[in-house]
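Trainee: Quick note: the sequence shown uses our numbering, first residue 57, plus one each step. Where is the CB? At the ideal position from N, CA and C, for every residue including glycine.
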Amino acid sequence: MRIVAGRHKGLRLTPVGKGDPAAHLRPTTDRIRESLFNILRTRGLPAPDTQVLDLFAGTGALGLEALSRGAAHVTFVEKNRPAQRLIEANIAKAGRAEDTRLIKTDATRPLMADHSFDLVFLDPPYGTDLGEKALSAAAPQIAPGALIVWEDDRAHPAPKGFTPADERRFGTTWITFLEKSADLA
Numbered sequence: 057m058r059i060v061a062g063r064h065k066g067l068r069l070t071p072v073g074k075g076d077p078a079a080h081l082r083p084t085t086d087r088i089r090e091s092l093f094n095i096l097r098t099r100g101l102p103a104p105d106t107q108v109l110d111l112f113a114g115t116g117a118l119g120l121e122a123l124s125r126g127a128a129h130v131t132f133v134e135k136n137r138p139a140q141r142l143i144e145a146n147i148a149k150a151g152r153a154e155d156t157r158l159i160k161t162d163a164t165r166p167l168m169a170d171h172s173f174d175l176v177f178l179d180p181p182y183g184t185d186l187g188e189k190a191l192s193a194a195a196p197q198i199a200p201g202a203l204i205v206w207e208d209d210r211a212h213p214a215p216k217g218f219t220p221a222d223e224r225r226f227g228t229t230w231i232t233f234l235e236k237s238a239d240l241a
């Protein structure tokens, strides 16, 4: 697993090893991440002032890729301790401690952030209803018009307060793109 493009292109991230307590993690593959960021680039994201929220952050690969490609700041949310250690190790490898924050809590709990987010990565455990719960909890911190990138094993309809923007399938992985409605601000 590596950073695909940008300032940290080629940086090898700390992998999830066999027998590792974080072995249940399912990091987004380099190929899917590259395709996803190509799609984001067509929308002008991440721009230099982009504030990113990475929910169910896992290894932190999506947020770190966004930083590498120019985002201003990433807030990672992860409750799993082995995954938190992976995120911390990967932030240190990239030398981006000043541009990141790790919130060590359940992604379905309300966030206490001092700014709003323009780009949200949502990668809950497959086969659960945690994605909608996390999106609902984070909604007050998501800027109107922000783009949400929801990775799962199925496509998702837009929950209340969000509008569908696109959806793509990569093998067994679905990425649903949503925009936060202005009237939910």
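1. Just curious, the beta strand (DSSP E) that Thr161 is in, first and last residue?
2. Can you give the Cα-Cα distance for Gln107 and Leu175, rounded to whole angstroms?
3. Which runs of the beta strand (DSSP E) fall wholly inside the stretch 122 to 197 and span at least 3 residues, in chain order?
4. Which term fits Glu90, buried or exposed, when burial requires 16 or more other beta carbons within 10 angstroms of its beta carbon?
5. Does DSSP classify Ile95 as helix, strand or coil?
6. In chain order, what residues of the same chain have a beta carbon less than 6 Å from the beta carbon of Asp170, not counting five sequence neighbours either side?
7. Got a sec, what are the start and stop residues for the beta strand (DSSP E) Pro220 sits in?
8. Restricting to Cα atoms, I'd like to know which of Pro71, Phe132, Arg152 and Lys135 is closest to Arg63.
9. Tell me which residues share the same chain as Thr85 and place their Cβ nearer than 7 Å to its Cβ, disregarding the 5 neighbours each side in the sequence.
10. Starting from Lys236, follow its DSSP beta bridges and name the residues at the other end.
11. I need the straight-line Cα distance from Glu188 to Asp209, nearest angstrom please.
12. Should Thr164 and Ala199 be called a contact, given that it needs their Cβ atoms to be closer than 8 Å?
13. Applying the criterion that 16 or more other CB atoms from any shown protein chain within 10 Å of the CB defines a buried residue, is Ala117 buried or exposed?
14. For Asp86, which three-state DSSP category applies?
15. By the three-class DSSP mapping on this structure, what secondary structure does Arg58 have?
Mentor: So, to answer that:
1. Element bounds for Thr161: n/a, residue is neither H nor E.
2. Cα to Cα, the separation comes out at about 6 Å.
3. Whole beta strand (DSSP E) segments, 3+ residues: 129 to 133, 156 to 159 and 173 to 178.
4. So Glu90 counts as exposed.
5. Correct three-state label for Ile95: helix.
6. So no residue of the chain qualifies.
7. Counting along the chain, the beta strand (DSSP E) containing Pro220 begins and ends at Phe218 to Phe226.
8. Taking only the C-alpha atoms, the option nearest Arg63 is Arg152.
9. Cβ neighbours of Thr85 beyond the five flanking positions: none.
10. Bridge partners of Lys236: Phe218.
11. Answer to the nearest angstrom: the Cα atoms are 14 Å apart.
12. It is not a contact, given that the beta carbons lie outside the stated cut-off.
13. The residue is buried, with at least 16 neighbouring Cβ atoms inside 10 Å.
14. Of the three classes helix, strand and coil, the one that applies to Asp86 here is helix, per DSSP.
15. Three-state result, Arg58: strand.
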